[in-house]
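Participant:
Protein chains in written order, with this note's numbering: chain A, 1 to 113; chain B, 1 to 120.
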């Protein structure tokens with residue numbers, strides 16, 4: 001597809017389970033970002049990838065959160081031992097380069113019950 | 001410290017009228033970029049307009065224009081001839097090459113958003 005694709009669009013999980021969220025960026029985009037959007041916190045930066053490396057992971061809220069990117073393309077955000085406070089919309093964005101416009105996917109709505 | 005401030009939690013406008021959404025920002029870096037995104041109820045974040053700190057002219061994209069006042073550190077979005085489909089949440093965002101951490105990072109910092117409602 002032409003845009004950033006995220007899957008699943010919705011995920012309901014039980015507290016304590018692990019989840020994986022996937023992001024397919026726009027082809028050729030080298031920069032990839034994960035953000036989290038929740039009612040109380042607005043849009044928060046989580047992690048930034050340039051190619052397959054993550055020079056900035058400063059936004060990851062705890063060591064239960066991790067992310068990787070392979071082949072300079074697909075990225076996976078993993079949340080281990082999910083907690084109710086992890087419930088939010090997780091947004092992925094990609095950009096052709098560091099200074100380019102970031103284009104967002106439609107997000108994954110995560111609900112932890 | 002809050003870096004992007006959107007002081008209007010909600011705004012109402014009549015269809016076909018113009019509306020200005022406010023945004024002020026704070027940075028000590030001379031090189032930065034300012035963005036506006038629209039988020040309808042469907043949840044997707046749609047890029048609207050971009051202004052670079054060194055751009056001499058205000059950015060325009062169709063019915064959207066950015067009123068960039070560098071000395072005042074403001075980057076207000078102006079929507080002309082509002083349409084019902086413009087009803088959405090609008091976010092102002094800033095990109096700096098170096099955040100507080102000092103590292104190289106082109107992440108976006110977002111404001112809290114303004115909910116725009118266009119009335120028929």
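Glycine included, each C-beta is placed from N, C-alpha and C at the ideal position.
1) Between residue 21 of chain B and chain A, is the shortest Cβ-Cβ distance under 8 Å, so that the two count as touching?
2) Could you please tell me which residues of the segment 27-44 of chain A, in chain order, have their CB closer than 9 Å to any CB of chain B?
3) Determine the extent of the beta strand (DSSP E) in which residue 20 of chain B is found, giving its start and end residues.
4) Between the segment 34-42 of chain B and the segment 87-98 of chain B, do three or more beta carbon pairs fall short of 8 Å?
5) Going by the beta-carbon positions, is the gap between residue 4 of chain A and residue 65 of chain A smaller than 8 Å?
6) Taking 8 Å as the threshold, find out whether the segment 67-83 of chain B comes into contact with the segment 4-24 of chain A through three or more Cβ pairs.
7) Nearest CA to the CA of residue 29 of chain B: which residue from B:106, B:120, B:117, B:112?
8) Going by beta carbon distance, what residues of the same chain come within less than 7 Å of residue 100 of chain B, once the five residues before and after it are set aside?
9) Can you check which of these residues, B:10, B:74, B:59, B:47, is closest to residue 87 of chain B by C-alpha distance?
10) What's the C-alpha gap between residue 75 of chain A and residue 55 of chain A?
11) Can a CB atom of chain A be found closer than 8 Å to the CB of residue 16 of chain B?
12) By how many angstroms is the C-alpha of residue 79 of chain B removed from the C-alpha of residue 37 of chain A?
13) Closer than 7 Å between beta carbons: that is the criterion. Which residues of the segment 42-57 of chain B meet it against chain A?
14) For residue 86 of chain A, count neighbouring C-beta atoms within 10 Å of its own C-beta (all shown protein chains included) and say buried if the count is 16 or more, exposed if not.
15) If I'm right that residue 115 of chain B touches residue 89 of chain B with Cβ under 8 Å, what's the distance once you round it to whole angstroms?
16) Does the separation of the CB atoms of residue 18 of chain A and residue 84 of chain A fall below 8 Å?
17) Pick out whichever of B:77, B:57, B:46, B:72 has its Cα sitting closest to the Cα of residue 121 of chain B.
18) Report the neighbours of residue 108 of chain B on chain A: residues whose CB is nearer than 9 Å to its CB, in chain order.
19) Between residue 113 of chain B and chain A, is any beta-carbon pair separated by less than 8 Å?
20) Can you give me, in chain order, the residues of the segment 76-96 of chain B that have a beta carbon less than 9 Å from any beta carbon in chain A?
Facilitator: So, from the data block:
1) no
2) 31, 33, 35, 37, 42, 43, 44
3) 19-21
4) yes
5) no
6) no
7) B:106
8) Bear in mind that the predicted position of residue 100 of chain B carries a pLDDT of just 46, short of 50, making it unreliable; the figure below should be weighed with that in mind. Nothing listed; no residue qualifies.
9) B:10
10) 15 Å
11) no
12) 25 Å
13) 43, 44, 45, 47, 50
14) buried
15) 5 Å
16) no
17) This structure does not reach residue 121 of chain B, given that chain B is present from 1 up to 120, and the question cannot be answered.
18) 33, 35, 43, 45, 93, 102
19) yes
20) 91, 93, 95
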